[in-house]
Amino acid sequence: MAKVAWVTDSTAFLNDDLRNHPDLYQIPMTIIMDGKEYTDGVDLTSEELYARLKTLETPPKTSQPAIGAFQDLYEKLKENYDYIIAVLVSAKLSGTVSSSEQASQLVDIQVYSVDSKILSYPLTRMILKGMEWTESGMEVEEVIKKLEMLRDTGETYVQIGSLEQLHRSGRMSGVQFFLGSMLNVKPIISVHDGELSVREKARSEKKAKDKIVKLLRSAHEKKPLKEVFILYGLHPAEAEEWKEELQEEFPNIKFGCYSLGATIGVHAGENTLGISWLNGLD
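Quick note on numbering: the sequence shown equals residues 52 to 333 in the working numbering.
Have a look at this one:
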């Protein structure tokens with residue numbers, strides 16, 4: 052059986068088990084605040100990020116891993132693996148996939164760079180499913196095909212915690228920000244084909260959550276879902292409370308709560324809350 056190394060970036064949610072997984076490697080993003088660079092998850096936690104955001108003089112920025120960071124890792128991995136599968140943050144949100152693809156041209160090992168078209172735990176769940184397939188003996192090329200098919204069944208709906216941060220980071224136009232802040236509109240952002248768009252708008256956080264639940268209900272009626280991922284910025288208690296409410300209405304779905312992490316927090320804000328699922332997950 053071919054030995055496969057899995058690679059991802061720091062927008063993926065990794066718990067302790069995954070951080071210590073012998074075949075999974077993570078390359079961190081860079082966060083720039085007031086001219087100083089921080090390595091996501093290494094010298095900056097989500098809690099530290101949100102505290103710093105309140106005092107910054109200039110809007111924070113994020114930077115994709117350099118080509119050289121991927122090249123160095125791939126050179127090391129070729130000593131012990133036959134293939135590398137890199138499942139990475141949406142190419143429409145970051146240049147990380149491009150960095151991996153360029154690095155793959157510089158090393159003597161087959162690298163598959165997969166655009167997850169998503170981020171956070173849905174990206175992680177794709178990796179976990181891919182690991183299941185490779186461990187079952189499935190050929191790598193078939194695993195890549197199935198990952199891309201699974202990816203395209205995903206739905207994600209998020210209530211952004213801070214329109215100001217989304218605007219300052221360049222992810223929302225000035226007009227959208229002005230209208231949202233002036234009218235107290237709570238936009239529901241969807242991730243479709245790898246990019247952000249406003250799916251619906253609500254006049255309160257409760258109404259926004261109700262609309263998101265309606266979207267979940269509709270998807271579940273079309274095809275029963277087994278897993279749904281609750282994504283949050285900084286406040287796990289709010290996510291857990293929502294999980295209990297959702298579990299009561301959807302007893303046959305497994306719900307889990309997952310932090311969005313520092314890189315995504317730069318753009319979305321600490322009060323961000325949303326849900327995601329993969330319709331093709333069996």
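The C-beta atom is built at its ideal place from N, Cα and C for all residues, glycine as well.
On a predicted model such as this, the values are computed, not experimentally measured, just so you know.
Burial state of residue i, where buried means 16 or more other Cβ atoms lie within 10 Å
| i | result |
| --- | --- |
| residue 156 | exposed |
| residue 237 | buried |
| residue 93 | exposed |
| residue 154 | buried |
| residue 275 | exposed |
| residue 108 | exposed |
| residue 54 | exposed |
| residue 302 | exposed |
| residue 300 | exposed |
| residue 248 | exposed |
Residue range of the beta strand (DSSP E) that includes residue i
| i | result |
| --- | --- |
| residue 238 | 237-243 |
| residue 139 | 134-139 |
| residue 250 | 246-253 |
| residue 158 | First-last for residue 158: undefined, no H or E at that position. |
| residue 205 | 205-210 |
Contact check, residue i vs residue j, beta carbons under 8 Å
| i | j | result |
| --- | --- | --- |
| residue 278 | residue 143 | no |
| residue 100 | residue 82 | yes |
| residue 167 | residue 141 | yes |
| residue 316 | residue 149 | no |
| residue 119 | residue 201 | no |
| residue 172 | residue 137 | no |
| residue 59 | residue 160 | no |
| residue 90 | residue 115 | no |
| residue 355 | residue 80 | Limits of the chain in this structure are 52 at one end and 333 at the other, which puts residue 355 out of reach. |
| residue 263 | residue 326 | yes |
| residue 165 | residue 207 | no |
| residue 204 | residue 95 | no |
Residue interval of the alpha helix (DSSP H) (run including residue i)
| i | result |
| --- | --- |
| residue 148 | 147-155 |
| residue 177 | 171-186 |
| residue 191 | 191-202 |
Close-in-space but distant-in-sequence residues of the same chain around residue i (CB under 7 Å, 5 per side omitted)
| i | result |
| --- | --- |
| residue 158 | 122, 125, 126 and 129 |
| residue 298 | 306 |
| residue 308 | 281, 283, 287, 290, 291 and 294 |
| residue 311 | 171, 282, 283, 284, 319 and 323 |
| residue 188 | 52 |
| residue 85 | 107, 108 and 109 |
| residue 211 | 217, 238, 240, 319, 320 and 323 |
Same chain, Cβ closer than 6 Å to residue i, five either side skipped, listed in chain order
| i | result |
| --- | --- |
| residue 175 | 63 and 64 |
| residue 194 | 181, 184 and 185 |
| residue 56 | 74, 128, 132 and 135 |
| residue 304 | 276 and 279 |
Which whole runs of the alpha helix (DSSP H) in the region 256-329 are 4 residues long or more, in chain order? 256-273, 287-300 and 312-319
Quick one: which unbroken alpha helix (DSSP H) runs of 4-plus residues sit fully inside the region 95-140? Chain order, please. 97-104 and 118-128
Going residue by residue through the region 54-96, where are the continuous beta strand (DSSP E) segments of at least 3 residues, counting only ones entirely within it? 55-60, 75-78, 81-84 and 87-90
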